[in-house]
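Numbering (my numbering), first residue to last: 52 to 138.
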């Protein structure tokens, strides 16, 4: 097998691996509430860090108010999800 064919085969293998990894992440996120509630505390902290840039909790007369900042990538995924749901 030539060098070009070997590199092409390696590229195909990497693409398959990347696709399988992305599908696994999507499967985990299919039920985010279940993922979060079933995770251990340290995993929950990591999930919160991945989903939010900053989280602020305020005490207000009505109870508690939560204000979050989403990372740019999260906003893109959220917009895409909203567009898919609207279609």
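Virtual Cβ for every residue (Gly too), placed ideally from N, Cα, C.
Just so it is clear, the structure is predicted and the values come from calculations on it, not from any experiment.
Would you identify the three-state DSSP class for residue i, choosing helix, strand or coil?
| i | result |
| --- | --- |
| residue 55 | helix |
| residue 122 | coil |
| residue 103 | coil |
| residue 90 | coil |
With DSSP as the reference, please indicate the residues paired to residue i in a beta bridge.
| i | result |
| --- | --- |
| residue 109 | 116 |
Mind reading off the beta-carbon distance from residue i to residue j? Whole number of angstroms is fine, and I expect it under 8 Å.
| i | j | result |
| --- | --- | --- |
| residue 103 | residue 120 | 6 Å |
Between residue i and residue j, is the Cβ-Cβ spacing less than 8 Å?
| i | j | result |
| --- | --- | --- |
| residue 90 | residue 80 | no |
| residue 118 | residue 110 | no |
| residue 87 | residue 96 | no |
For residue i, which residues from the same chain have a beta carbon less than 6 Å from its beta carbon, with the 5 sequence-adjacent residues on both sides left out?
| i | result |
| --- | --- |
| residue 122 | 104 |
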